[in-house]
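Okay, structure first, notes after.
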Amino acid sequence: QGENDQGAAGPDGGYGWETYQDYFVAMSADWKRDFPNVSRYYLFQIWPNACSMGRDGNGDMLREKQRTLPRLYSNMKIISTLGIQPGGGCHYPLAGWNEFAKRMHGLLARDFYGQGGDQPLTAPNLLSVSFVDDRRRVIELEFDQPIVWQEQLASEFYFDNTNNLVASGAVQDRTLRLQLKDATSAQRITYLKESSWNPQNLLRGANGMAALTFCNVLISPPDEDPR
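Just so you know, we're using the working numbering here: the sequence shown kicks off at 244 and counts up by one.
Right under this line is the structure:
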């Protein structure tokens, strides 16, 4: 689902993330032609530096393209490979694949058989991010479902590729507020880099599923609608 697209062997001579969405759309159009009754798509965001093929942040960008791919589809849902235990940076042991099956079961049961309630079954996904005010010391991130904060996550957030700027965080339902150590002129935010991360230190939803990573997301000023 994208491991080979992390590097510089893209089909057009560049990095795979640069054309990932375009080729996925073309591929899904072929699926629809060959299987006209297809009604839903389920995507997994790959493991950071999966199969040791990520480099120089291009794997981070590939995961960002995966995270935002559902914006192009009304019938696509995305699940994270992060948090799968036991993990497998490339391939997974049988117990890991069993966890994949459990995650898919809930979605399939609800989408195709109407079973289960309305609780979130997918990975938390970032919807918007903005400065709270002109002092640029507090950043508000809104997700599509309730999330859980732990203070050790502060080091996993990067601002224009610099981390260790977060002093503390606080969650209210779907909204995470990051208090910075000082004002910042940073324009973009990244959560979790393939070059330095800890699979035990993950932002999670209230449903226990690890949040999707995001990369170089523009931080909106406080006077703009972040959507």
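From the three backbone atoms N, C-alpha and C, an ideal C-beta is built for every residue, glycine too.
Item to complete: Measure the CB-CB distance between residue 298 and residue 458 and report whether it falls below 8 Å.
Response: Not a contact, by the Cβ cut-off of 8 Å.
Worksheet entry | Selected residue, minimal CA-CA separation from residue 426, among 435, 439, 402 and 259 | For the options 435, 439, 402 and 259, the alpha carbon positioned closest to that of residue 426 is the one of 402.
Discussion item. Threshold first: 4 residues or longer. Then list the alpha helix (DSSP H) segments lying entirely within the stretch 300-379, N to C.
Written reply: Within the stretch 300-379, complete alpha helix (DSSP H) segments of at least 4 residues are found at 301-311 and 337-356, given in chain order.
Practice prompt. Classify residue 436 as helix, strand or coil using the three-state DSSP reduction.
Written response: Taken through DSSP and simplified to helix, strand or coil, residue 436 comes out as strand.
Worksheet item: In angstroms, rounded to a whole number, what distance separates the CA positions of residue 388 and residue 285?
Response: Roughly 18 Å between the two C-alpha positions.
Worksheet item: Are three or more beta carbon pairs between the stretch 402-418 and the stretch 430-438 nearer than 8 Å?
Response: The stretch 402-418 vs the stretch 430-438: in contact.
Practice prompt. With a threshold of 16 other CB atoms inside 10 Å of the CB of residue 456, please say whether the residue is buried or exposed.
Written response: With 16 or more other CB atoms across the displayed protein chains lying within 10 angstroms of its CB, residue 456 is buried.
Worksheet item: Taking all protein chains shown into account, do 16 or more other C-beta atoms lie within 10 angstroms of the C-beta of residue 288, making it buried, or fewer, making it exposed?
Response: Under this definition residue 288 is a buried residue.
Fill in: Beta bridge counterpart(s) of residue 418 as assigned by DSSP
Paired residue(s): 385 and 415.
Worksheet item: Touching or not, the stretch 314-326 and the stretch 360-367, by the rule of three or more beta carbon pairs under 8 Å?
Response: Of all C-beta pairs linking the stretch 314-326 to the stretch 360-367, three or more are shorter than 8 Å, placing the two stretches in contact.
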